[in-house]
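Report on the structure given below.
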Amino acid sequence: MTDAAPDGPPLPPTRRPARKIFLLVGVVLAAALGVGLFTNLGTSGKSQGAPHVGGPVPPFSALAVDGSGRVGVPADGGGNATPAVLLFFGNWCPECHQELPQLAAVVRQQEATGGALSGIRVLGIDSLDSLSDARSFLKSSGVTFPVAYDPNVTITSGAFYFEGDPYAVFVNGDGTINRIVRGATLTPAAMTADERALIPSGR
């Protein structure tokens with residue numbers, strides 16, 4: 000008696016299921032890469048939309064900390080072709096306690112002296128504070144310019160994409176951003192120099 004191959008239908012190929020699995024994995028990976036690329040493009044577009052030097056300042060309007068009405072920036076900068084300086088701060092911010100009193104003193108001096116710099120509109124944006132803390136901070140810092148109340152960072156992070164404080168934004172009379180300063184690096188002398196750059200005559 001000799002061994003012989005059994006008669007009957009051929010066995011199904013064993014590689015097809017593996018090919019189907021590899022094909023399915025490939026489709027899933029391609030889809031994942033596509034989603035990742037789309038997400039990155041969306042993020043890149045968002046970052047490109049953030050305020051930048053030479054671009055337009057985001058207009059905003061918010062209640063004033065002192066309850067006097069609303070504070071904001073129209074689309075043409077300070078309003079009526081007036082240059083503007085936007086100072087972002089908060090009572091919770093240690094750096095702001097060092098920076099703001101000095102800058103507030105500069106603004107008071109400019110208002111008292113008159114001249115070209117007194118025509119620049121200075122606005123503050125107080126973020127992440129309770130109303131009582133914001134008012135106390137402004138009083139102790141000697142702030143006399145209008146300050147917008149931004150407890151939910153709708154302006155600070157939403158419109159300007161800023162993370163944390165302090166920031167300063169110098170706006171030309173046509174509503175374009177001339178300079179953005181981050182951190183407690185804005186000295187009174189630097190602020191005055193940056194303000195002069197907003198005046199076409201440079202005087």
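For the sequence shown, numbering that gives the first Met the number 0 begins at 0 and goes up steadily by one.
From the three backbone atoms N, C-alpha and C, an ideal C-beta is built for every residue, glycine too.
Note that the coordinates shown come from a computational prediction; the quantities given were computed from them, not determined experimentally.
Output yes or no for whether 8 Å exceeds the beta carbon distance between residue i and residue j.
i	j	result
residue 141	residue 107	yes
residue 187	residue 97	no
residue 48	residue 60	no
residue 86	residue 123	yes
residue 63	residue 145	yes
residue 169	residue 50	no
residue 133	residue 148	yes
residue 52	residue 178	yes
residue 91	residue 128	yes
Enumerate in chain order the residues of its own chain whose CB-to-CB distance from residue i is below 7 Å, with the five nearest sequence positions on each side excluded.
i	result
residue 54	175 and 176
residue 156	162
residue 73	58
According to the neighbour-count rule (16 or more other Cβ atoms, all chains shown, within 10 Å of its Cβ), is residue i buried or exposed?
i	result
residue 28	Only weak support exists for where residue 28 lies, its pLDDT of 41 falling under 50; the value from the coordinates is given anyway. The residue in question, residue 28, is exposed, as its Cβ has fewer than 16 Cβ neighbours within 10 Å.
residue 111	exposed
residue 38	The pLDDT assigned to residue 38 is 33, lower than 50, so where the model puts this residue is not dependable, and the model offers no usable value.
residue 139	exposed
residue 126	buried
residue 199	exposed
residue 83	buried
residue 68	exposed
Out of the options, which one is the CA nearest neighbour of residue i?
i	options	result
residue 230	197, 171, 145 and 191	Summary: the structure shown does not reach residue 230, with the chain confined to residues 0 through 202, and so no result is reported for it.
residue 195	92, 88 and 114	114
residue 81	143, 66 and 173	173
residue 136	88, 153 and 154	88
For residue i, which residues of its own chain have a beta-carbon under 8 Å away from its beta-carbon, when the five flanking residues on both sides are left out?
i	result
residue 183	94, 95, 97, 98 and 165
residue 105	187, 190 and 191
residue 103	140, 141, 142, 143 and 144
Hey, is residue i's beta-carbon within less than 8 Å of any beta-carbon in chain C?
i	result
residue 62	Checking the listed chains, one finds no chain C in this structure; it contains a single protein chain.
Apart from the five residues just before and just after residue i, which ones in its own chain have a Cβ nearer than 6 Å to its Cβ?
i	result
residue 116	109 and 194
The beta strand (DSSP E) that contains residue i, what's its start and end?
i	result
residue 149	146 to 149
residue 156	It is not in any beta strand (DSSP E) - residue 156 carries neither H nor E in the DSSP assignment.
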